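> The numbering of the sequence shown is the working numbering, which starts it at 4 and goes up by one.
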Amino acid sequence: MVGTDDLELARRWTLVNAQRHDGKANLQAVIGKLIAEKPELKLEIEELMQIVEELVGEINRLSLEEQRSELDRLGPPEKLKVEEERRLPELPEVDKYPCIVTRFAPNPNGPLHLGHVRTALLCYEYARKHAGRFILRFEDTNPANARSEMYDLIREDLEWLGIGWDEEYMQSDRMEIYYEFAVKLLEAGDAYVCACDPARFKELRDESEPCPCRELGPEEHLERWRGMIEGKFEEGEAAVRMRTNLELSNPALRDWPALRISTSSHPQVGNRYRVWPLYNFSVSIDDHEMDITHVIRGKEHEVNELRQKQLFDFLNWDYPTVLQHGRLSIPGTVLSKTKMMEGIEKGKFEGYDDVRLATISALRRRGFAPESLKEVILNVGMTKVDSTLSWDTLSTENRRIIDERANRYFFVPNPTELRIHDVPDLDETHLRLHPDHRERGDRTLPLAIEDGSLIVQITTDDFLKMEEGETVRLKDLLNFDLVRREPPEGKFSGFELLLDVPKIQWVSSDPVEVWVLRPDGSRDFGFAEPAVRELSEGEVIQFERYGFVKVEETEPEIVVIFAHR
Ligand code: GLU
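Okay, structure coming up:
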């Protein structure tokens, strides 16, 4: 028996779940939380499902405001605190700053993938939690790799995810600011223009020896700086370096380059500039100038961070609070931007939204809901240890969300024709668009009957599993016995619902040809029921017993993309 305590627990979790998802709790998600908290409830699963289903209906009818005040009154479930602490641990040093400011700073040299969602989402959530500001900053100071189409794609991905930003900047718009600081540092002798051969410079640096340029005075360096801007040096011939302590134990921290020459055309500003700041330089200036209080980044930036701290010290600035997260990987999936872009250039992948990739555009194309991606990523949380995510986890979460939304249709991949004899005269049948939602209405499946025989298409896989004489049910229609395999023929054996016979999908009259693009890049061909013709592009549906798919094209032929089972 589900007890009164359990009822109250269910109510609390339903309220929490509704609050997290725009006021709409999800039955499966709430059940998941309850079982995780009290595994013994598994024994009462049927009763629990009924209770929670009613509860979800009731709570989803309340306004967000009403839900919030009820949750305040009841208090959150005990386990919530533990969960929140893992998902979004308390932000350190909050009291140090008047307003919390975070930034997501993608380089527009490739598409966003799930790893980026983590950084962006954490920055966004922390800013929201503390009523602060969240900044989107395009770090596009490498003209050779910034791509014009990426700016909009990144904006589109973030908007789709519901990660809204308060301010937006492009570093390529801020060049004068970087120049100003470069001059200031050159004047102060904290930076110098090095015109050494890079290999020679490296030899000296590794020995903690100054290069000959380092010894010159600020005047000479300012002269060289103007030369860089005016074109007296070619690409690779001169760079502004920070004048650090050459005795530092890590050579990467000694006299690192801050600005360099690049003559490639830039997608935003063309050939207006030929001296460009490198990442560590521009990121530091901007983090300070934009009053960033908390930098949330991958731990691969550890050495970069040390360089940035050196620059902050030169400028007498306080370095923001940093939170580092570990790497995220999905076994079997390329997440590296460089590898992805290489694959696209070589034609291995079709584009940024190739179904084999875990880019946001690919996931969107496959019918993943933004809520599911955010939920999975928040569950990975703010940990510094590396995390692996599986497609199973992503699919399970997405199924929870879209199962309710997706209407059902019959689809028969790799079809075989079967004739069933002695079928009573029928011309069509009607089935619900969604088993739990009568209000959505029905779909009509017309039946092709010729001389008392029903002609249907069934999946060859199902057909191969049948034995002669076996009784099989055409789902939601009738039962037949397989009479012979060659040609495939059966005999009608009744309408009653038989529980222990195989139930298979079928289509009969007026089938629609459908191509399914699968996540490994292969394609399935099959017939779907005629109602599929009425679907619009972008709809996410379930082909029963086959999987969830998103309609991508309806003309000239129907193409759908497979999400998951
Ligand atoms: N543009 C950098 C990146 O995409 C930002 C890293 C950071 O400083 O947080 O990795």
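Just so you know, even glycine gets a beta-carbon here, dropped at the ideal spot from N, CA and C.
Predicted model, so just to flag it, every value in this text is computed and none were measured.
According to DSSP, simplified to helix, strand and coil, what is ALA149?
coil
> Given this structure, state the Cα-to-Cα distance separating PHE413 from ASP406, to the nearest angstrom.
15 Å
> Mapping DSSP to helix, strand and coil, what is TRP518?
strand
> Do GLY329 and SER390 have their CB atoms nearer than 8 Å?
Contact: yes.
> Using the beta carbon as the reference atom, which residues fall closer than 5 Å to any heavy atom of the ligand GLU, ordered along the chain?
ALA108, ASN110, GLU142, VAL286, ARG300
> Just tell me which of VAL196, ASP527, GLU420 has its CA closest to the CA of GLU223.
VAL196
> Starting from PRO201, trace the alpha helix (DSSP H) both ways and give me its first and last residue.
Where PRO201 is concerned, the enclosing alpha helix (DSSP H) stretches over 201 to 209.
> What are the start and end residues of the alpha helix (DSSP H) that includes HIS328?
Premise fails: HIS328 lies in the beta strand (DSSP E), 324 to 328, not in any alpha helix (DSSP H).
> Taking LEU424 as the reference, which of ASN482, GLU442, VAL562, ARG403 has the closest Cα?
The sequence given here has His at residue 424, not Leu. Of ASN482, GLU442, VAL562, ARG403, the residue nearest in Cα terms is ASN482.
> Should the region 516 to 530 be regarded as contacting the region 445 to 455, the criterion being three or more beta carbon pairs within less than 8 Å?
At 8 Å Cβ cutoff, the stretches do not touch.
> Can you list, in chain order, the residues of its chain with a C-beta nearer than 6 Å to that of ASP433? Leave out the 5 residues immediately preceding and following it.
The identity of residue 433 in the sequence shown is His, whereas the question assumes Asp. So the list reads ASP445, THR447, once near-sequence residues are dropped.
> Quick check on the DSSP output: the beta strand (DSSP E) that includes GLU374 runs from which residue to which?
First-last for GLU374: 373 to 383, but that is the alpha helix (DSSP H), not the beta strand (DSSP E).
> Within the continuous beta strand (DSSP E) that includes ASN248, where are the two ends?
Where ASN248 is concerned, there is no enclosing beta strand (DSSP E), given that its DSSP letter is neither H nor E.
> Thinking just about the alpha-carbon of each residue, which of ARG140, VAL306, LEU467, LEU91 is nearest to the one in ARG121?
Nearest of ARG140, VAL306, LEU467, LEU91 to ARG121, Cα basis: LEU91.
> Are three or more beta carbon pairs between the region 394 to 405 and the region 10 to 19 nearer than 8 Å?
no
> Helix, strand or coil: how does DSSP classify ARG568 here?
coil
> What is the DSSP secondary structure of PHE317, reduced to helix, strand or coil?
For PHE317, the three-state secondary structure derived from DSSP is helix.
> On a CA-only basis, which of GLU56, GLY118, PRO416, PHE107 is nearest CYS126? Give me that one, please.
PHE107
> Quick one: what's got a C-beta closer than 8 Å to VAL55's C-beta in the same chain, skipping five residues either side?
ALA13, THR17, LEU30, VAL33, ILE34, LEU37
> Taking the alpha-carbon of GLU93 as reference, which of LEU117, HIS119, ALA130, VAL59 has the nearest alpha-carbon?
Ranking LEU117, HIS119, ALA130, VAL59 by CA distance to the CA of GLU93 puts ALA130 first.
> Ignoring anything shorter than 4 residues, give me the alpha helix (DSSP H) runs that lie fully in the region 79 to 155, in order along the chain.
81 to 90, 117 to 132
> For ILE404, count the other beta carbons within 10 Å of its own beta carbon; 16 or more makes it buried, fewer makes it exposed. Which is it?
Classification of ILE404: buried, given that the 10 Å Cβ count is 16 or more.
> Closer than 7 Å by C-beta to ARG441: which residues in its own chain qualify, once you throw out the five before and the five after it? Chain order, please.
The residues are ARG435.
> Taking ASN63 and ALA28 to be in contact with their CB atoms under 8 Å, please state how far apart those CB atoms are, rounded to whole angstroms.
Contact holds; Cβ gap of about 6 Å.
> Buried or exposed: ARG402, going by 16 or more other Cβ atoms within 10 Å of its Cβ?
buried
> Going straight from the alpha carbon of ASP498 to that of PRO427, what length do you get?
Just to set this straight, residue 498 is Phe in the shown sequence, not Asp. The alpha-carbon atoms of PHE498 and PRO427 are separated by roughly 10 Å.
> Helix, strand or coil: how does DSSP classify HIS433 here?
strand
> Between which two residues does the beta strand (DSSP E) harbouring ARG422 extend?
418 to 424
> Near ASN417, which residues of its chain fall below 8 Å by C-beta distance, leaving aside the five closest residues on each side in sequence?
THR462, THR463, ASP464, ASP527, PHE528, GLY529
> What residue range is occupied by the uninterrupted beta strand (DSSP E) comprising MET173?
Run containing MET173: 170 to 173, per the beta strand (DSSP E) assignment.
> Please state if the CB of ILE288 and the CB of THR105 are separated by a distance shorter than 8 Å.
no
> Assuming SER265 contacts ARG277 (C-beta within less than 8 Å), just tell me the rounded distance between them.
At roughly 7 Å, the Cβ-Cβ gap stays under 8 Å, so SER265 and ARG277 are in contact.
> Is the region 308 to 320 close to the region 279 to 287, with three or more CB pairs under 8 Å?
yes
> From PHE204, GLU374, GLU556, pick the residue whose C-alpha is nearest to that of ARG23; which is it?
Per the Cα distances, GLU374.
> Please specify which runs of the beta strand (DSSP E), each continuous and at least 3 residues long, are wholly inside the region 468 to 534, giving them in chain order.
474 to 477, 481 to 487, 492 to 497, 515 to 520, 526 to 531
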